[in-house]
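Residues in the sequence shown are numbered from -5 upward in steps of one, following this note's numbering.
I have placed the structure first, in the form of structure tokens, so that the comments after it can refer back to it.
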Amino acid sequence: MNTEFFEALTLLEKEKGIPVHYLLEKIKNAIVIAIRRDGEECEDSIVEIDPETGRFYVAFRKTVVDDVENPATEIILEQALKYDKRAEVGGIVEIPMETKKFGRIAAQAAKHVIRQGIREGEREHLMAEYQSRTQDVVSATVLRIDERKGNLVLEIGKNEAILPKSERVPTEEHRDGDRIRVYVVDVVSGEKGPRLMISRTHPGLVKRLFELSVPEIADGTVEIKAIAREAGSRTKIAVFSKDENVDAQGACIGAKGSRVGDIVDELAGEKIDVVKYSEDPARFVAEALSPAQVLDVEVEDMAAKACRVTVPDSQLSLAIGNKGQNARLAARLTGWKIDIRPQSEAELTGS
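The structure is reproduced here in structure tokens:
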């Protein structure tokens, strides 16, 4: 074990991110296995590798006896004295082993296990790195587009990840070399190592973008209470301020819409409604139907979370939205069933 060996381990740590101490532990275990596979008559071995001093020491431990019954664990006093002048019957003696005594089989076995250890180390390091990114937004580069499956092959750091067609926004188009941001939903362990489960359609992407863009959310003053999204089209996000002097809605929208505008740009024009959260169901439902004006919200069944909303006749289409989208997102945001009716109908029924 010379200087080059330790330099190689240090280089592996820098390039692969695998700690030297982890690699050394794997190498020690590999050497122990190699010794046994090479047919050495020993059951107890010592392997010490010290990168600071460059020391590499391999030895066998055997008990000193008068008569040897098990050569793998015992040694007679006469032979033991060759290794330790203070050896005595009943004691333990260490028998150093020269590295040149490693046979071809042992060397190959050690090399194989070391390689395996490095691969495992890479996987464990990569898994830890990936897990630290779970529920976060990461930047990626589009390497290529799988035209047949509709998937995007992305480069995240030094690794590849697949953005499935099902997690792509239908209205977005990407080209090789494009830089995009994706949301890490989860990390799974597979045969080829850990794999990132990423998405551009997950509501968490919008939530995390707001957390990164709005300091008041980052410091905990403003809290995101709920979010409902139809990727590529519209998102509704409910926010609440813990400080009465801070306008949660205004903080998220930003001066002249700058903050929410940056997020809309990131999402390729997806519309975003920032609404005020309220513990009062009626008030929250009214806010959630924004940008429509609401005249009245009547809670019909608290247990079933069902309510009836009255809007001006001119606002009915806006409240319902294109193909019912506004009402649908408001219902998902609040968790309430919303029945919307125009003011003229409410006046006719008298309720």
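The beta-carbon is built from N, C-alpha and C at its ideal position, and this holds for glycine as well.
Contact between Gly115 and Lys20 holds: their C-beta atoms lie close to 7 Å from each other, under 8 Å. With 16 or more other Cβ atoms inside 10 Å of its own Cβ, Met91 counts as buried. It is roughly 13 Å from the alpha-carbon of Val179 to the alpha-carbon of Pro188. The beta carbons of Val200 and Ala245 sit no closer together than 8 Å. Remark: C-beta atoms of Ile257 and Leu203 approach each other more closely than 8 Å.
Leu146 has Ile139, Leu157 as its beta-bridge partners, per DSSP. For Val240, the secondary structure class from DSSP, reduced to helix, strand or coil, is coil. If you compare the alpha carbons of Gln110, Asp60, Ala325 with that of Ala298, the shortest gap goes to Ala325. The distance from the Cβ of Gly226 to that of Pro164 is about 6 Å, consistent with a contact at the 8 Å cut-off.
By the 16-neighbour rule on beta-carbons within 10 angstroms, Arg194 is buried. Rounded to whole angstroms, the gap between the alpha carbons of Ser183 and Leu206 is 28 Å.
Under DSSP, the beta-bridge partners assigned to Ser193 are Tyr177. The beta carbon of Glu281 sits closer than 8 Å to the beta carbons of Ala232, Val269, Lys270, Tyr271, Ser272 from its chain, once the five residues preceding and following it are set aside; these are given in chain order. The beta carbon of Val83 sits closer than 7 Å to the beta carbons of Val58, Val59, Asp60, Leu71 from its chain, once the five residues preceding and following it are set aside; these are given in chain order. Taking 3 residues as the shortest admissible run, the region 192 to 230 contains the following complete beta strand (DSSP E) segments, listed from N- to C-terminal end: 216 to 224. Secondary structure in the region 306 to 340: the alpha helix (DSSP H) runs of 4 residues or longer, each lying completely within the stretch, are 310 to 314, 319 to 328 in chain order. DSSP places Arg277 in the uninterrupted alpha helix (DSSP H) bounded by 275 to 282.
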